[in-house]
Amino acid sequence: MIIINKFLRFIRTVSYLKYSQILGQFFYLFYRPQKKYLNGVGRNPKLNFLRKFPPKNAFIDKNLIFTSINLSYRVSDKSIWNNKSIDYLWLYNLHYFDYINSKSSPNFSTSTKIIIRWINEHGHGIGWEPYPTSLRIVNWIKFSLKNSFYPENFISSLATQSNYLYKNQEFHIDSNHLFTNGKALFFAGNFFVGKESSKWAEKGAKLIFRALESDFLHDGGHSERSVMYHLIVLEDLLDIYNLILSLDIAIYTSLKVKLANTIKKAFLWLNFMILPNGKFPLFGDSAEKIALSIKNIYLYSNTLGIDVKYSHKEYGYLPFSNFAKLQASKNIFLYLTLDGPKPSYQPGHSHADSLSFELYNKNEVLLCDAGVGNYLPGPLRDYCRSTAAHNTLEINSLNSSEAWGCFRFGRRAVVSKKRYKINKNEANLTASHNGYSYLNGKPIHERTWKIERNKKTIEVIDKISGAMAFDVAIRFRASPRFIWRKNKNMWNLISLYDGICFLTLYANTNLKYGIEEGIYFPEFNKPINCSVLVARGSQISGLNVSHKLLLL
């Protein structure tokens, strides 16, 4: 029975894939292109970026201790490049080489020694996978141009990596990975000159055009619906635009126009999703201190002649990204996530968080998402992607979407029946999802948020329609700076620093309340305990409960 269930889950998963992804999976499983070592490839002597690239967020010290995603290891000998006992994402970051272009990068001599070590010590393995190869190609090109670093073995290796990537793009993954492959080929194709490099540039431009058409939504958001990945991809768009400015080649005019339009819309989306201090909701796989800072990405765009500025948007709804922002008072904001795992063909960075929300006071989070701990298979990754790790309703201790593995989903919740009225005085938004409709009784979860600004109240109403009785759990996850405390039939959210009560939640007599210990990950591998208020009901039929939050 277990084997049959796993097979059915596999079928549910692959049914969402594009044909190009299915073909790519077979290609990636059964074919590995041979590396063709290229010597004597000509470099484009006219290429020199007109404007500086912003520094990366990476650090390696004088003792070659590389720190990334809150993990530190010494890059001591050649075994480090393929050390399977180390977190895979840390190894990916090691092979990206962001640290040679960071604000705190090692000196020129140390940086070049690490580059030459990689060339001599890493002929195969993790670093040759298409994604780290793509980021490394771009970083090496930036470093080379900035420092006039063109030794023969470096140029040969860079050309070899570019040619290998040309034969080995990630069509099986698609989305931001394939776009990043395209960016690297476009950079390499214009860094070099000759017949081979022309093919790289052409292929890169096609992949970039493809991504601009398919990966960016009409409201400006990236299709993976993560602020962190939106920032990463937005920096990529600006890098490509920077390169085109320096080339000033007529054949890239249409790409330049398309990029500029996409970039402007992406910043409008960013204005909606971030707070004035640069904080943002951690929906999906999002973490702090990974992408370029908010300040630097706005500054970078303006240096390229794309004038953008941050303008805080207090409320509204993004109809394609399916995020909403509600204002409960002058300084209180809610972010709502109103969709299932997306995009359908690549939901790897989504969570089972349909109809969840985060609550902010000024620039500080009061009710938080769990964030993302790591990308390793196991209980922690499962937890962070689960419905139980979010401020939403859970039925029968199951996920609203069928998360499995590290990045896969089988059955997915579909959010529908969105009705909303949002203005400066009030907000009333209702949505429902069918993530549990496969259960007996076919339950549908409907959630309504009602806000009256003059009364400083937020009402969250949860309903379940269905012919059966179910066990339910509704969670309110306090930020680590706060704790829930009971006061008669109320629960107060108290600051751990000064004891001030920020809001009061009125309990519903039909449910039983208790405090659970949760985990909050503002950054990768940075767990912080948090207080989770859980309202539970056992074998409830026709659930209709309201929770009122009074802002103090």
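The opening residue of the sequence shown carries number 1285 in the working numbering; numbering runs sequentially from there. From the three backbone atoms N, C-alpha and C, an ideal C-beta is built for every residue, glycine too. Note that the structure is predicted; figures quoted are calculated from it, not measured.
Taking the alpha helix (DSSP H) that residue i falls in, what are its first and last residues?
i	result
K1426	P1414 to N1431
K1346	Premise fails: K1346 is in no alpha helix (DSSP H) and is neither H nor E.
T1252	Only positions 1285 to 1836 of the chain appear in the structure, and residue 1252 is not among them; the question remains open.
D1755	Segment F1754 to R1761 is the beta strand (DSSP E) holding D1755; no alpha helix (DSSP H) there.
Does DSSP put residue i in a helix, in a strand, or in coil?
i	result
L1836	coil
F1556	helix
A1791	coil
V1298	helix
K1778	First, the amino acid is wrong: residue 1778 is Ile here, not Lys. In the structure shown, I1778 sits in a strand (DSSP, three-state: E or B).
C1668	helix
N1647	coil
N1712	strand
V1592	coil
D1816	Residue 1816 is actually Val in this sequence, not Asp. Of the three classes helix, strand and coil, the one that applies to V1816 here is strand, per DSSP.
V1541	helix
T1673	For the record, residue 1673 in the displayed sequence is Ala; it is not Thr. Looking at A1673 - three-state DSSP - the assignment turns out to be helix.
I1286	helix
K1810	coil
E1736	strand
E1480	helix
A1687	strand
R1696	coil
G1488	helix
G1826	coil
L1682	strand
I1547	helix
I1410	helix
E1883	The structure shown does not extend to residue 1883, since the chain is modelled only from 1285 through 1836, so no value can be given for it.
E1454	coil
I1728	strand
Mind reading off the beta-carbon distance from residue i to residue j? Whole number of angstroms is fine, and I expect it under 8 Å.
i	j	result
F1805	A1571	7 Å
S1507	P1627	4 Å
N1423	D1382	6 Å
Q1611	Y1599	5 Å
L1713	F1604	Not confirmed; about 16 Å, so no contact.
S1510	H1406	Not really, about 30 Å apart at Cβ, beyond 8 Å.
N1792	V1829	5 Å
S1386	F1343	6 Å
L1348	D1371	Actually they do not touch by this definition, with Cβ atoms about 18 Å apart.
R1769	D1746	No, R1769 and D1746 are not in contact; Cβ-Cβ is about 23 Å, not under 8 Å.
L1522	Y1584	5 Å
T1297	R1665	The Cβ separation is near 16 Å, so there is no contact.
N1813	E1801	6 Å
A1751	G1719	At roughly 17 Å, the Cβ-Cβ gap does not stay under 8 Å, so A1751 and G1719 are not in contact.
L1576	E1519	5 Å
K1740	L1834	7 Å
Could you give the first and the last residue of the continuous beta strand (DSSP E) run that contains residue i?
i	result
T1741	T1741 to S1749
Y1797	K1796 to Y1804
Y1582	Element bounds for Y1582: not the beta strand (DSSP E) but the alpha helix (DSSP H), I1578 to T1587.
A1468	First-last for A1468: S1459 to F1475, but that is the alpha helix (DSSP H), not the beta strand (DSSP E).
G1600	G1600 to L1602
F1766	F1766 to N1771
R1703	V1699 to I1706
W1722	Here the sequence assigns Tyr to residue 1722, which means Trp is not the residue at that position. Looking at the DSSP string, Y1722 is not in any beta strand (DSSP E), and its letter there is neither H nor E.
F1617	I1616 to T1621
F1607	F1607 to Q1611
Taking 7 Å as the cut-off, is the C-beta of residue i nearer than that to any heavy atom in the ligand FAD?
i	result
W1775	No copy of the ligand FAD appears in this structure; indeed no ligand is present at all.
Mind listing, in chain order, the continuous beta strand (DSSP E) runs of no fewer than 3 residues lying wholly within the segment 1495-1539?
-> none
Take every Cβ of the segment 1320-1330, pair it with every Cβ of the segment 1361-1379, and state whether three or more of those distances are shorter than 8 Å.
-> no
Would you be able to state if there are at least three C-beta pairs under 8 Å between the segment 1446-1457 and the segment 1417-1432?
-> yes
Uninterrupted beta strand (DSSP E) stretches inside the segment 1341-1401 (no shorter than 3 residues) | 1349-1352 and 1355-1358
Would you mind listing the alpha helix (DSSP H) stretches within the segment 1302-1336 that are 4+ residues and don't spill past its ends, in chain order?
-> Taking only runs of at least 4 residues, the alpha helix (DSSP H) segments lying wholly in the segment 1302-1336 are 1303-1314.
If you pair each beta-carbon of the segment 1812-1828 with each one of the segment 1747-1761, do three or more pairs fall below 8 Å?
-> yes
Does the pairing of the segment 1549-1566 with the segment 1484-1492 give three or more beta-carbon distances under 8 Å?
-> Contact between the segment 1549-1566 and the segment 1484-1492 is absent, because fewer than three Cβ pairs lie under 8 Å.
Evaluate the contact criterion for the segment 1668-1684 versus the segment 1779-1787: three or more CB pairs, one atom per stretch, below 8 Å.
-> no
Can you find at least 3 beta carbon pairs, one from the segment 1635-1654 and one from the segment 1684-1696, that sit closer than 8 Å?
-> With the cut-off at 8 Å, the segment 1635-1654 and the segment 1684-1696 touch.
Are three or more beta carbon pairs between the segment 1574-1582 and the segment 1524-1533 nearer than 8 Å?
-> With the cut-off at 8 Å, the segment 1574-1582 and the segment 1524-1533 do not touch.
Check whether the segment 1293-1309 touches the segment 1388-1401, taking contact to mean three or more Cβ pairs, one atom from each stretch, closer than 8 Å.
-> no
Is there contact between the segment 1558-1572 and the segment 1638-1653, where contact requires at least three CB pairs shorter than 8 Å?
-> yes
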